[in-house]
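Residue numbers (my numbering), protein chains in the order written: chain A, 1 to 291; chain B, 292 to 456.
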């Protein structure tokens, strides 16, 4: 089908965009890459009165390093994130996760800000940013505020963002030396949403696991941080036994549901398998880093 | 650049499609694929699922593949667009089109325009892709005749024939 009629505005600045959001409140929708919003509009599941197209706000498309933080403008295309030298070197987990989002044609348009604001529980970027302990900057009528990615997601397609706020920046701590990271997922076909996906950031101190952060997607109403599995590994290191215990902790912590793609049981099983694979790979990568 | 036409919810846009400049008036809700087909008469770009799943409507916008059903025509204001009609030159099929013909890479032909543009983009960056790389690149383009094997063969053959042109 085709989208129903709407009023279209394409502001050139964040202030103007926020002005439009403030004027129209819940009746307005922000159009970033459009790779999730336009399908919903075509299917008429979403019928905004006003579409605020932010694609002409060129100041929102940037990737830069400042003070130990990688800052990405909300309008950064996922294709740019995948190909960015800064992201690949400073937060490789994010680049790896972004490469799993959709197909090339989707990543050409899709943006990191739009991906997060849409809050699809199967999306890869949120899980990676949970593991990376990233945060987002939301700009609204009263200025900018910072929200930890861990506090961003409220439920499927639901976030802590106010309807008058624009997600203007994603901030990611630069991955320190001695870390290994990996993003793995199982999907029916390359480019599909993950049945289950996992992002791991692991800091190794010789044979000790100094710090590990695990984020998963596709196995709950929001992306989830796997804290119990993290504790097991940080306490007892990475061995075949602790990997199995971590996988069991993940299987216990996730809350998948049945759908046409896969059963909840299968998703839970896959999450456990991916946990072992991802941790083993991150451990090896961290070992190579440390030498 | 887009100018708002007075009193109505329409915009004027300029776009270069397959090298030809157009100046048109559109409703903001008009999808790029409908603009190409209905307003410019370029019906080579097909509409499949209309929600970004099938890849039949893939076109190049400023040299990058996009789903033309997931972009508004107003968003392509000022852009250069390439559709399947833009692949042939001087009445001669593009090497990819020749290879699709030679290797029976189309049955009903519905997915073909999207397949061709996706393959065209792949060969821009990877001159001699392995079959796995080809399969990965066309994973977002559905062929319901399930003729994938011949499509992969054709893309490989075009690459060997120097199909970047």
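We put the beta carbon where it would ideally sit given N, CA and C, even for glycine.
Exercise for the section: Leaving aside the five residues before and after residue 221/A along the sequence, list all residues of the same chain whose C-beta is less than 6 Å from its C-beta, in chain order. Expected result: Excluding five sequence positions before and after residue 221/A, the CB atoms of its chain that fall closer than 6 Å to its own CB belong to 121, 155, 156, given in chain order.
Handout entry: Any chain A beta carbon closer than 9 Å to residue 436/B
Key = Taking 9 Å as the threshold, the shortest C-beta distance from residue 436/B to chain A does not fall below it.
Exercise for the section: Can you pull the chain A residues whose beta carbon is under 8 Å from the beta carbon of residue 357/B, in chain order? Expected result: Simply 105, 108, 109.
Practice task
Express the C-alpha separation of residue 163/A and residue 225/A in angstroms, rounding to a whole number.
Solution key: Pairing residue 225/A with residue 163/A, the inter-Cα distance amounts to about 26 Å.
Exercise for the section: State yes or no: is the C-beta of residue 429/B within less than 9 Å of the C-beta of residue 409/B? Expected result: In terms of Cβ geometry, residue 429/B and residue 409/B form a close pair [threshold 9 Å].
Exercise for the section: Over the uninterrupted alpha helix (DSSP H) stretch that includes residue 83/A, give me the two end residues. Expected result: In the DSSP annotation of this structure, the continuous segment of the alpha helix (DSSP H) that includes residue 83/A starts and ends at 78–83.
Handout entry: Three-way DSSP call (helix, strand, coil) for residue 214/A in this model
Key = Annotated three-state conformation of residue 214/A is strand, per DSSP.
Exercise for the section: Figure out for me which residue from 128/A, 146/A, 42/A has the closest Cα to the Cα of residue 135/A. Expected result: Checked all of 128/A, 146/A, 42/A; the closest Cα to residue 135/A is 146/A.
Handout entry: Bounding residues of the beta strand (DSSP E) (the contiguous stretch that carries residue 73/A)
Key = Looking at the DSSP string, the run of the beta strand (DSSP E) that includes residue 73/A is 69–73.
Problem - Distance between residue 104/A and residue 111/A (C-alpha atoms, nearest Å) - result: About 12 Å.
Exercise for the section: Would you please verify whether the beta carbon of residue 183/A is less than 9 Å from any beta carbon of chain B? Expected result: Taking 9 Å as the CB threshold, residue 183/A stays off the interface with chain B.
Handout entry: Whole runs of the alpha helix (DSSP H) within the segment 408–454 of chain B, excluding any shorter than 4 residues
Key = Restricted to the segment 408–454 of chain B, the alpha helix (DSSP H) segments that are unbroken, complete and at least 4 residues in length are 422–428, 439–451, listed in chain order.
Practice task
Under 9 Å between beta-carbons, which chain A residues line up against residue 365/B? List them in chain order, please.
Solution key: For residue 365/B, the residues of chain A that pass the 9 Å Cβ criterion are 8, 10, 53, in the order they occur in the chain.
Exercise for the section: Let me know the secondary structure DSSP gives residue 148/A once reduced to three states. Expected result: Of the three classes helix, strand and coil, the one that applies to residue 148/A here is strand, per DSSP.
Practice task
Enumerate, from N- to C-terminal direction, the unbroken beta strand (DSSP E) stretches of 3 or more residues contained entirely within the segment 131–184 of chain A.
Solution key: Within the segment 131–184 of chain A, the runs of beta strand (DSSP E) at least 3 residues long that lie entirely inside it are, in chain order, 135–140, 143–148, 153–155, 166–173.
Exercise for the section: Measure the alpha-carbon distance for residue 223/A versus residue 126/A and round it to whole angstroms. Expected result: Residue 223/A and residue 126/A have their alpha carbons spaced roughly 6 Å apart.
Exercise for the section: Give the interface partners of residue 404/B over in chain A, defined as CB-CB distance under 9 Å, in chain order. Expected result: Contact annotation for residue 404/B against chain A: no contact, minimum CB-CB distance about 13 Å [criterion: below 9 Å].
Handout entry: Per-residue DSSP class, three states only, for residue 394/B
Key = In this structure, residue 394/B counts as coil in the three-state DSSP scheme.
Exercise for the section: Less than 8 Å between the CB atoms is what I'm expecting for residue 347/A and residue 116/A, so what's the real figure, rounded? Expected result: Absent from the structure is residue 347/A, since the part of chain A shown begins at 1 and ends at 291.
Practice task
Would you identify the three-state DSSP class for residue 259/A, choosing helix, strand or coil?
Solution key: Of the three classes helix, strand and coil, the one that applies to residue 259/A here is coil, per DSSP.
Practice task
Using the Cα positions of residue 321/B and residue 118/A, report the straight-line distance between them to the nearest angstrom.
Solution key: Inter-residue distance for residue 321/B and residue 118/A is about 23 Å (C-alpha atoms, whole angstroms).
Practice task
Could you tell me which residues DSSP puts in a beta bridge with residue 292/A?
Solution key: Coverage of chain A is limited to positions 1 through 291, which leaves residue 292/A absent and any answer about it impossible.
Practice task
Flag this pair as touching only if the segment 274–285 of chain A and the segment 165–184 of chain A have three or more C-beta atom pairs under 8 Å; answer yes or no.
Solution key: Look at the beta carbons and you see the segment 274–285 of chain A touching the segment 165–184 of chain A: at least three pairs across the two are nearer than 8 Å.
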